[in-house]
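Participant: Let me begin by handing over the structure; questions about it come next.
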Amino acid sequence: MNRELTPITQQIDTRLSQFTDQETVDLVVIGSGGAGFSAALNVAIDGARVLLVERMAHVGGTTALSAATCWVPGTKRGLAVNPDDTPERVATFLNKAVGERSDPKLRQAFIDNGPHAIAKLEEHTTLQFQVRPLHPDYLSELEGSVLKGRAIEPQPFDGKLLGPNLTLVRNPIPEFTVLGGMMVDRDDIFHLLRLTETWASFSYSVRIIVRHLLDKIVHPRSTRLVMGNAMIARMLYSYIERKGLLVTNTEVTQLLQNGNTIEGVVLQQTLQSGGKIQRTIHSKGGVVMASGGFNRHPTRRSTMLPRAKEAWCPSGPGHTGSAQDLALQVGGQLGTGGLSHAFWAPVSIRQRADGSTAAFPHFVMDRGKPGMIAVDSQGQRYLNESTSYHLFGLAMQAHDRNVQCVPTWLVCDAGALKRYGLGMIRPGGKGLTPFLTDGYLKRGTTLEDLAKQLSIPEINLRTTVERFNQFADKGVDEDFKRGTTDYQRANGDATWTGPNPCLGALRQGPFYAIALFPGDIGAATGLLTDTDARVLNANGQAIDGLYACGNDMHSIMGGVYPAPGITIGPGLTFGYLAATHAVKRAGVTSDQC
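Using the working numbering, the letters of the sequence shown map in sequence onto residues 3 to 595.
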């Protein structure tokens with residue numbers, strides 16, 4: 003969609019009272035993350051009347067908090083970057099990575115339909131993507147992997163175009179912003195770190211900083227949106243344009259079941275006065291579950307993720323699994339056989355000034371860079387720090403069964419801290435006092451001094467660092483093979499002068515450390531579905547009119563994290579497939595169907 007966008011001037015009605023009791027729509031979608039918006043938008047594009055239900059005050063879920071990378075092989079933009087990629091190569095890669103942990107038919111449905119899902123959104127909505135020249139599959143050592151072309155990401159968006167609806171978009175994680183709320187992506191970080199080095203970076207940085215400062219004067223939040231905020235804002239803009247219906251602060255309390263058919267929902271909204279309003283909404287096409295998964299479910303979490311505290315989870319606050327419970331009550335089944343029930347990342351924890359807890363995911367900015375290592379309670383390395391964040395999180399939990407490594411200590415020297423930052427601490431090495439005062443950051447003038455503060459054996463930390471320094475000098479990690487795959491090296495430091503972009507010695511005191519914990523970033527176990535995203539019952543039959551996508555759907559990756567964006571990419575695709583099937587079921591006819 004290449005056209006000049008007009009700012010929206012009217013606020014969308016999010017009150018449940020806009021509906022009469024027993025009203026009928028063509029489709030109800032539960033959850034407003036990327037997957038839910040995909041289903042809702044695709045139905046709206048086809049001319050159907052769709053209701054999007056969000057239980058929180060803001061739309062976007064975890065998608066709004068994320069980088070919004072979408073792994074969808076075979077898109078037009080992706081093939082422009084990597085024309086040699088083929089569906090057969092993708093299938094080979096997923097078969098090697100996932101194997102029998104998920105249904106191959108679902109993976110093939112994703113491969114076949116992903117490019118169509120993206121093309122339809124790009125053609126008919128403001129959601130537009132871009133592709134980076136280097137964005138490797140995480141398991142780049144496997145046959146069928148590629149270094150570029152499969153991962154796409156949303157283009158930045160001017161939030162002013164949403165007008166009064168901008169405040170509906172969930173704010174980004176504060177620790178992922180700078181200057182009191184300015185969102186930054188990897189391009190911004192590149193220029194901000196080189197602000198004083200080149201004219202191009204200086205002028206780029208000044209432009210985005212000045213815009214942000216003006217936004218703070220005029221608008222309730224920054225309006226230059228990137229990553230997940232850009233994706234959700236773009237989808238919301240198009241949804242409003244297409245007259246989509248939306249309610250927020252609204253719970254689904256019941257699925258209307260008639261035999262093996264779902265015919266609608268009962269909704270309840272809490273009013274500002276404290277009262278409640280209830281409506282029964284019938285749906286000709288059925289109901290799509292896209293509520294984000296079970297990560298904050300009061301009992302399922304403790305059963306499926308027993309070694310991880312909810313405070314370590316950086317995902318959206320609305321992922322309580324309550325919608326999944328309703329699907330289970332009408333016969334839906336949870337999938338089995340995955341590598342893990344969730345996807346993981348190491349996170350560091352800090353209490354904010356307002357008393358809330360910040361769980362900061364350590365994706366690629368620090369732990370795999372030169373001058374950093376991770377050690378357990380005995381001061382020993384036990385994993386490849388440059389591995390994917392999912393494998394890092396799994397390794398923490400596995401090792402902790404034998405040797406305490408929760409928390410794991412991410413250790414670096416002064417040079418690495420200044421060059422790369424450390425978690426919530428920005429590069430540059432300044433402003434450390436608040437982090438040292440509240441204990442988020444530990445500092446020692448020597449390694450032995452640091453070990454005392456971490457309550458780990460001093461000789462072990464010294465020996466571990468000395469051994470690692472020898473590896474760094476040679477460029478070969480003999481213990482854990484750090485920096486040996488294309489993915490790992492791509493996330494190292496391309497400007498590093500040593501023989502390996504992931505390895506650098508820790509020699510420049512003082513030395514620093516922060517605590518890492520295994521944080522679940524999304525659900526992998528979800529409702530079993532067929533290739534049309536229809537929820538299956540215990541007999542393997544589709545429940546007519548009930549669909550699931552996103553993290554409510556059992557992951558086609560089987561708890562494996564083979565590449566960037568393997569939750570949102572399939573979420574957009576199966577949202578499209580659910581919408582396609584539901585529109586036909588509802589009897590809607592349009593040129594798009």
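Glycine included, each C-beta is placed from N, C-alpha and C at the ideal position.
What is the rounded straight-line gap between the Cα of Gln280 and the Cα of Met229?
Facilitator: If you take the alpha carbons of Gln280 and Met229, they lie about 35 Å apart.
Participant: Tell me whether the beta-carbon of Gly320 lies closer than 8 Å to the beta-carbon of Arg57.
Facilitator: yes
Participant: Express the C-alpha separation of Gly182 and Tyr489 in angstroms, rounding to a whole number.
Facilitator: 32 Å
Participant: Just tell me which of Gln382, Ala418, Phe470 and Leu227 has its CA closest to the CA of Trp411.
Facilitator: Looking from the CA of Trp411, the closest CA among Gln382, Ala418, Phe470 and Leu227 belongs to Gln382.
Participant: If we count the other Cβ atoms within 10 Å of its Cβ and call it buried at 16 or more, is Ser142 buried or exposed?
Facilitator: buried
Participant: Kindly indicate which residue of Ser350, Val30 and Leu163 has the alpha-carbon position closest to the one of Ile234.
Facilitator: Leu163
Participant: Using the C-alpha atoms, what's the distance from Leu136 back to Leu449?
Facilitator: 36 Å
Participant: Checking 8 Å against the spacing of the C-beta atoms, do Arg134 and Asp87 come in under that value?
Facilitator: Going by C-beta atoms, Arg134 is not nearer than 8 Å to Asp87.
Participant: Which residues share a DSSP beta bridge with Leu54?
Facilitator: Val31 and Leu248
Participant: Going by C-alpha to C-alpha distance, which of Gln380, Gly395, Val478 and Ala496 sits closest to Ala453?
Facilitator: Gln380
Participant: Cβ of Gly287 within 8 Å of Cβ of Ala535?
Facilitator: No. Outside cutoff.
Participant: Along the chain, where does the alpha helix (DSSP H) containing Gly573 start, and where does it finish?
Facilitator: Ile570 to Ala588
Participant: With C-beta atoms as the reference, is Ser350 less than 8 Å away from Phe365?
Facilitator: no
Participant: Considering only their Cβ atoms, is the gap separating Ala202 from Ile32 smaller than 8 Å?
Facilitator: no
Participant: For the alpha helix (DSSP H) containing His392, list its first residue and its last residue.
Facilitator: Tyr391 to Asp402
Participant: Label Asp15 either buried or exposed according to how many other C-beta atoms from any shown protein chain fall within 10 Å of its C-beta, with 16 as the threshold for buried.
Facilitator: exposed
Participant: Would you give the residue range spanned by the alpha helix (DSSP H) that Val220 belongs to?
Facilitator: Trp201 to Val220
Participant: Do Phe95 and Ser147 have their C-beta atoms within less than 8 Å of each other?
Facilitator: yes
Participant: Ignoring anything shorter than 3 residues, give me the beta strand (DSSP E) runs that lie fully in the segment 371-458, in order along the chain.
Facilitator: 374-377, 410-415 and 444-446
Participant: Ignore the nearest five residues each way along the sequence and tell me which others in Trp115's own chain have a CB closer than 7 Å to its CB.
Facilitator: The displayed chain sequence assigns Asn, not Trp, to residue 115. If we look at Asn115 and ignore the five residues flanking it on each side, its Cβ neighbours are Thr575, Tyr578 and Leu579.
Participant: Excluding the five sequence neighbours on either side, which residues of its own chain have a C-beta within less than 7 Å of the C-beta of Pro222, listed in chain order?
Facilitator: Thr169
Participant: Considering just the uninterrupted stretch of the beta strand (DSSP E) at Leu336, what are its terminal residues?
Facilitator: No beta strand (DSSP E) holds Leu336; DSSP gives it neither H nor E.
Participant: Can you tell me which of the three DSSP states Ser557 falls into?
Facilitator: coil
Participant: Whole angstroms are fine: how far does the CA of Leu530 sit from the CA of Ala540?
Facilitator: 10 Å
Participant: Let me know the alpha helix (DSSP H) ranges lying completely inside the segment 276-316, each 4 residues or longer, listed in chain order.
Facilitator: 302-306
Participant: The beta strand (DSSP E) with Pro117 in it runs from where to where?
Facilitator: Pro117 -> not in any beta strand (DSSP E); alpha helix (DSSP H) instead, spanning Pro106 to His126.
Participant: If contacts are defined as beta-carbon pairs under 8 Å, then Ser388 and Asn231 qualify, I think. What distance do you get, rounded to the angstrom?
Facilitator: Their Cβ separation, rounded to whole angstroms, is 28 Å, which puts Ser388 and Asn231 out of contact at 8 Å.
Participant: Do Ile207 and Leu227 have their CB atoms nearer than 8 Å?
Facilitator: It is worth fixing the name first, because residue 207 is Ser in this sequence and not Ile. Not closer than 8 Å, so no.
Participant: Less than 7 Å between C-beta atoms, sequence neighbours within five positions excluded: which residues of the same chain meet that for Leu18?
Facilitator: Val249, Thr252, Leu269, Gln271, Ile279 and Arg281
Participant: Assign Leu307 to one of two classes, buried (16 or more other C-beta atoms within 10 Å of its C-beta) or exposed (fewer than that).
Facilitator: Leu307 sits buried, since 16 or more C-beta atoms from the chains shown fall within 10 Å of its C-beta.
Participant: At what residue ranges does the segment 449-531 contain a whole run of the alpha helix (DSSP H), taking only runs of 4 or more?
Facilitator: 449-456, 460-476 and 488-492
Participant: Taking 8 Å as the limit between beta carbons, can you name the residues of its chain near Glu6, skipping five residues before and five after?
Facilitator: none
Participant: Among residues of its own chain, excluding the 5 on either side of Ile120, which ones have a beta-carbon nearer than 6 Å to its beta-carbon?
Facilitator: Val74 and Thr77
Participant: Would DSSP call Ile351 helix, strand or coil?
Facilitator: strand
Participant: Please tell me whether Gln280 has its Cβ less than 8 Å away from any Cβ of chain D.
Facilitator: Structure shown: chain D not included; a single protein chain is present.
Participant: Taking the alpha-carbon of Lys166 as reference, which of Leu149, Gln130, Val467 and Val220 has the nearest alpha-carbon?
Facilitator: As written in the sequence, residue 166 is Pro, which differs from the Lys given in the question. Closest by alpha carbon: Val220.
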